[in-house]
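In UniProt numbering, the protein residues as written are 1 to 282.
Even for Gly, the Cβ is constructed at its ideal location relative to N, Cα and C.
As structure tokens, the structure follows; a few thoughts come after it.
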């Protein structure tokens with residue numbers, strides 16, 4: 001009986017082909033076959049690096065059926081690489097159904113990490129508050145999109161979305177409606193590509209910026225909604241406010257207040273009230 005094969009989940013470049021990793025290239029050269037979201041797109045990537053492998057189409061319309069076929073091949077001893085058109089499979093792209101089926105069957109799954117639009121955008125945005133919530137693509141329908149955003153607006157960390165060019169203006173207008181025109185947004189457009197743009201402004205200004213230049217409405221988008229600024233409690237100086245906000249991000253309320261009292265010298269009751277106000281604002 002042949003040894004069971006391995007499924008490799010391989011991240012590919014999001015634009016610049018130079019971002020592919022050495023490990024990804026080695027894996028693509030060694031596997032028996034490559035399961036690809038769009039075989040035509042993947043052929044171009046493989047040709048660029050002088051790789052020739054049998055390809056299997058795995059996209060959103062055939063993923064369940066394709067998963068069954070891939071599992072049989074893996075159980076027969078083949079090694080298979082799973083790729084998407086750009087970035088990492090199973091993250092806002094097809095692949096999760098395949099990975100789940102393979103793992104449920106006890107077949108080994110090995111991630112081969114690489115370029116990430118989310119991490120690239122966050123690294124260049126200069127958002128100092130820790131933590132983020134990745135939501136991927138929002139609903140295409142305006143009413144459903146606004147409902148989804150309304151459920152997310154209380155989350156106190158950076159919110160990360162993907163968006164398509166034909167919906168970008170409408171999406172940012174909905175962000176403005178739900179989060180308010182003063183909330184900061186960083187748009188990361190066409191990351192790693194020729195016309196890469198990283199732009200930060202209020203939501204109101206961003207709507208005008210997009211409408212004023214149709215070129216800025218083209219390409220692939222990562223949207224970063226900055227966390228809402230904490231409301232300053234009355235009676236606290238700026239430094240004390242910053243200390244308290246930072247401690248509340250890392251510690252439970254009572255521990256944060258106790259430590260802030262020791263650091264700043266303010267009265268515990270005063271800081272406790274301020275902490276409650278900050279929590280409520282978040």
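Given that a residue counts as buried once 16 or more other Cβ atoms are within 10 Å of its Cβ, and exposed if not, what is residue 110?
Here residue 110 refers to the residue found at position 110 of the chain shown. Its Cβ having fewer than 16 others within 10 Å, residue 110 is exposed.
Same chain only: Cβ atoms within 7 Å of residue 153, ignoring 5 sequence neighbours per side
Reading the chain shown from its first residue, position 153 is the one you call residue 153. The residues are 178 and 179.
Just the Cα atoms here: how many angstroms apart are residue 270 and residue 251?
Working through the chain shown from its first residue, we reach residue 270 at position 270. Working through the chain shown from its first residue, we reach residue 251 at position 251. Cα-Cα distance, rounded: 18 Å.
Give the secondary structure of residue 134 by DSSP, where H, G and I count as helix, E and B as strand, and everything else as coil.
In the chain shown, the residue the question calls residue 134 occupies position 134. The answer is strand: DSSP assigns residue 134 an E or B state.
Burial state of residue 212, where buried means 16 or more other Cβ atoms lie within 10 Å:
Reading the chain shown from its first residue, position 212 is the one you call residue 212. Exposed, since its Cβ has fewer than 16 Cβ neighbours within 10 Å.
When you compare the CB positions of residue 117 and residue 136, do they come within less than 8 Å of one another, or not?
As a position in the chain shown, residue 117 is number 117, starting the count at 1. As a position in the chain shown, residue 136 is number 136, starting the count at 1. No; because the gap between Cβ atoms is not below 8 Å, this pair is not in contact.
Would you mind giving the Cβ-Cβ distance between residue 27 and residue 80, rounded to the nearest angstrom? I have them listed as a contact below 8 Å.
Here residue 27 refers to the residue found at position 27 when the chain shown is read from its first residue. Here residue 80 refers to the residue found at position 80 when the chain shown is read from its first residue. Not confirmed; about 10 Å, so no contact.
Please list the terminal residues of the continuous alpha helix (DSSP H) segment that includes residue 163.
Taking the chain shown and counting its residues from 1, the one referred to as residue 163 is at position 163. No alpha helix (DSSP H) contains residue 163, which is instead part of the beta strand (DSSP E) from 158-163.
Cβ-based burial, residue 247 [other Cβ within 10 Å; buried from 16]:
The sequence position of residue 247 within the chain shown is 247, counting from 1. Its Cβ being crowded by 16 or more others within 10 Å, residue 247 is buried.
DSSP beta-bridge partners of residue 221
Translated into positions along the chain shown, residue 221 becomes position 221. DSSP lists 163 and 189 as partners of residue 221.
For residue 226, count the other beta carbons within 10 Å of its own beta carbon; 16 or more makes it buried, fewer makes it exposed. Which is it?
The residue labelled residue 226 in the question sits at position 226 within the chain shown. The residue in question, residue 226, is buried, as its Cβ has 16 or more Cβ neighbours within 10 Å.
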